[in-house]
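Q: Residue numbers (the working numbering): 74 to 550. Could you have a look at this structure, given as structure tokens, before my questions?
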Ligand SMILES: Cc1cc2nc3c(=O)[nH]c(=O)nc-3n(C[C@H](O)[C@H](O)[C@H](O)COP(=O)(O)OP(=O)(O)OC[C@H]3O[C@@H](n4cnc5c(N)ncnc54)[C@H](O)[C@@H]3O)c2cc1C
């Protein structure tokens, strides 16, 4: 695998004021020896995230069991100017959780579990190390729905989801991770616990501090607990795979279905043929369509009426078919059918195994995405003939993913591919990260999407909350 040469250093880092051994002794005294792992005791999981970028064994791995232990650990590291890298489920796609050899990694995995479901307030209080799937299941058992959902649900953690402000499959219906948060508990760099675990929807009492930490990628504080908003369970869920004439037809279909069903349309995932064919092959399924089509959409309708067996949704698609607005459609007849269709879209979990993925997670106005895909593909083909690239995305929320397989361009410098695609994005005022975050891999491209004034304001917040620069140094900035 060709590693890109993005430097993993922080120009603003300040030297530690205590030897590492003294800091580790202090940590062992506070947390106990079994919560401080070093050397071979640190497994591969702590060395890199889903990108498999630059695997590095950190100087130590901390496994605190409570907010208080996180606080005591950070107080020690703050006093010693010792860098700390928060680690969640390690499913991140921006290299944000990768520690350097002299960093201490702090895993939230022992800080797991759902603490409370308050049915009257429709809230779920959860510890940061809980996997998304565990939180979803707890909500479902109580008759609610946690709106956040993404392919990494079995491994990613609520803390990581909030630190990255994850998007996922249901953003068109319920918003991003940020929109699910009512309260947050965070340990600040100096070990102070900032507890804003309120359950209220309305709370206009000065700055809404929780939003500073959501999407801050572990650079401003370590999230330890959260109060999440619960939604009523949608009893009727129907999934369809639709074949389309092209991008304009997809946008028209999205608008048509939204007009008919409002936000009962919970997912609208677009797959260009390169991605679709790869997903079908990878999952070992057969395409439900006879021939090939210019574009595919995986659409989920989720309503509240348990007696709705999908007739209205099916009728809307039949009408679109009769009018020539779509080329073909299949509707899942069972949960197993629906899973098989989703498996095609979620084949991205296999990308690091099957490909040398160079991932893009860009955001553009919905109106220009189709044109961008055509131009981007043509430009990649001209620059790197024979490259294999995959285009897909959550188009309803203006999010396009592109994965270029580095294996198809032997010896390619990943960085050159990043720079090439981002250069096309700049004039369109697109975002270099729609949902995965900046982390390590997109740091140098952040100025494409943020003005000098915005960057200066971010740096001022960082300095105010983490004056010793110990939290996830070298990420984001
Ligand atoms: C198959 C697959 C599908 C995916 N689909 C989506 C998708 O649809 N939408 C999407 O947005 N993302 C998606 N992702 C990316 C990833 O799952 C998300 O970014 C997720 O939110 C990361 O959570 P994590 O717990 O794995 O975080 P990690 O990878 O461990 O960390 C991510 C960042 O958060 C920081 N962090 C972690 N925990 C904390 C904490 N408690 N406090 C402070 N900082 C913390 C880390 O330092 C790092 O900067 C996908 C990934 C995979 C592998």
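We put the beta carbon where it would ideally sit given N, CA and C, even for glycine.
Go ahead and pull the three-state DSSP assignment for residue 362.
A: Reduced to three states, the DSSP call for residue 362 is coil.
Q: Residue 503 and residue 327: beta carbons closer than 7 Å?
A: No. Outside cutoff.
Q: Can you give me the C-alpha to C-alpha distance between residue 439 and residue 484, rounded to a whole angstrom?
A: Their Cα atoms are separated by approximately 34 Å.
Q: Residue 312 lies in the beta strand (DSSP E); which residues open and close that run?
A: Residues 309-317.
Q: Considering only the alpha carbon of each residue, which of 184, 361, 262, 378 lies closest to residue 402?
A: Selected option, being the one with the closest Cα: 361.
Q: Can you name, in chain order, every residue of its own chain whose Cβ lies under 6 Å from the Cβ of residue 246, other than the five neighbours on each side?
A: Excluding positions up to five away in sequence, the list reads 336, 339.
Q: Does any heavy atom of ligand 1 sit closer than 6 Å to the C-beta of residue 229?
A: Indeed, a heavy atom of ligand 1 lies less than 6 Å from the Cβ.
Q: Quick check on DSSP: helix, strand or coil for residue 535?
A: Residue state, collapsed to three classes: helix.
Q: Assuming residue 550 contacts residue 530 (C-beta within less than 8 Å), just tell me the rounded distance between them.
A: Their Cβ separation, rounded to whole angstroms, is 12 Å, which puts residue 550 and residue 530 out of contact at 8 Å.
Q: Suppose you measure from the CA of residue 241 to the CA of residue 120; what does that come to, to the nearest Å?
A: Distance between the alpha carbons of residue 241 and residue 120: 25 Å.
Q: On the premise that residue 186 lies in contact with residue 229, defined as a C-beta separation below 8 Å, what is that separation, rounded to the nearest angstrom?
A: 16 Å between Cβ atoms; not a contact.
Q: Should residue 84 be labelled buried (16 or more other beta-carbon atoms within 10 Å of its own) or exposed?
A: Caution is warranted here: a pLDDT of 49 is assigned to residue 84, below 50, making its placement in the model unreliable, and no coordinate value can be reported.
Q: In the DSSP output, what is residue 305 paired with across the bridge?
A: Paired residues: 217.
Q: Can you tell which of 507, 305, 177, 295 has the C-alpha that lies nearest to the C-alpha of residue 379?
A: The shortest C-alpha separation from residue 379 is found at 305.
Q: Please state if the CB of residue 124 and the CB of residue 168 are separated by a distance shorter than 7 Å.
A: Yes; because the gap between Cβ atoms is below 7 Å, this pair is in contact.
Q: Hey, is residue 508 close to ligand 1, as in C-beta under 6 Å from one of its heavy atoms?
A: Correct: residue 508 has its Cβ closer than 6 Å to ligand 1.
Q: Any idea which residues DSSP pairs residue 94 with across the strands?
A: DSSP output for residue 94 lists no bridge partner at all.
Q: How is residue 273 classed by DSSP in three states: helix, strand or coil?
A: Of the three classes helix, strand and coil, the one that applies to residue 273 here is coil, per DSSP.
Q: Using the beta-carbon count (16 or more within 10 Å), is residue 292 buried or exposed?
A: So residue 292 ends up on the buried side.
Q: Could you tell me whether any non-hydrogen atom of ligand 1 is closer than 6 Å to the CB of residue 232?
A: True, at least one ligand heavy atom lies under 6 Å from that Cβ.
Q: Figure out for me which residue from 94, 510, 521, 528 has the closest Cα to the Cα of residue 164.
A: Measuring from the Cα of residue 164, the nearest candidate turns out to be 510.
Q: Less than 6 Å separating the Cβ of residue 290 from some heavy atom of ligand 1?
A: Checking every heavy atom of ligand 1 against the Cβ of residue 290, one is found closer than 6 Å.
Q: Is any non-hydrogen atom of ligand 1 found closer than 6 Å to the C-beta of residue 163, if you look at the structure I gave you?
A: Checking every heavy atom of ligand 1 against the Cβ of residue 163, one is found closer than 6 Å.
Q: What does the Cβ neighbour count give for residue 80, buried or exposed, with the cut at 16 atoms within 10 Å?
A: Per-residue confidence for residue 80 stands at a pLDDT of 46, beneath the threshold of 50, marking its modelled position as unreliable; no derived number is given.
Q: Along the chain, where does the beta strand (DSSP E) that runs through residue 191 open and close?
A: Unbroken beta strand (DSSP E) run through residue 191: 187-191.
Q: Cβ of residue 176 versus every heavy atom of ligand 1: is any distance shorter than 6 Å?
A: No, since every heavy atom of ligand 1 falls outside the 6 Å radius drawn around the Cβ of residue 176.
Q: Quick one: measure Cβ to Cβ for residue 545 and residue 109, integer angstroms, because I've assumed they're closer than 8 Å.
A: Contact flag wrong, Cβ pair sits at about 19 Å.
Q: Under the criterion of a Cβ to heavy atom distance below 6 Å, does residue 358 qualify as lining ligand 1?
A: False, no ligand heavy atom lies under 6 Å from that Cβ.
Q: Cβ atoms of residue 224 and residue 419: under 7 Å apart, would you say?
A: Their beta carbons are under 7 Å apart, which means residue 419 touches residue 224 by this criterion.
Q: Report the rounded CA-to-CA distance for residue 309 versus residue 174, giving the unit in angstroms.
A: For residue 309 and residue 174, the distance between alpha carbons rounds to 50 Å.
Q: From the DSSP output, read off the bridge partner residues of residue 200.
A: BP columns for residue 200 point to 298.
Q: Look at the alpha carbon of residue 273 and the alpha carbon of residue 253, and state the distance between them as a whole number of angstroms.
A: Rounded to the nearest angstrom, the two C-alpha atoms are 12 Å apart.
Q: What I want to know is whether the C-beta of residue 237 ends up closer than 6 Å to one or more non-hydrogen atoms of ligand 1.
A: Answer for residue 237: yes, Cβ within range of ligand 1.
Q: Can you look up residue 430 in the DSSP assignment and give me helix, strand or coil?
A: Reduced to three states, the DSSP call for residue 430 is strand.
Q: For a test of your reading of the model: does the CB of residue 169 fall under 6 Å from any non-hydrogen atom of ligand 1? Yes or no.
A: Yes, Cβ of residue 169 sits closer than 6 Å to a heavy atom of ligand 1.
Q: Helix, strand or coil for residue 84 per DSSP?
A: Low local confidence applies: a pLDDT of 49 at residue 84 is under 50, so the model's placement there is unreliable, with the coordinate-based value given in what follows. Here residue 84 sits in coil by DSSP.
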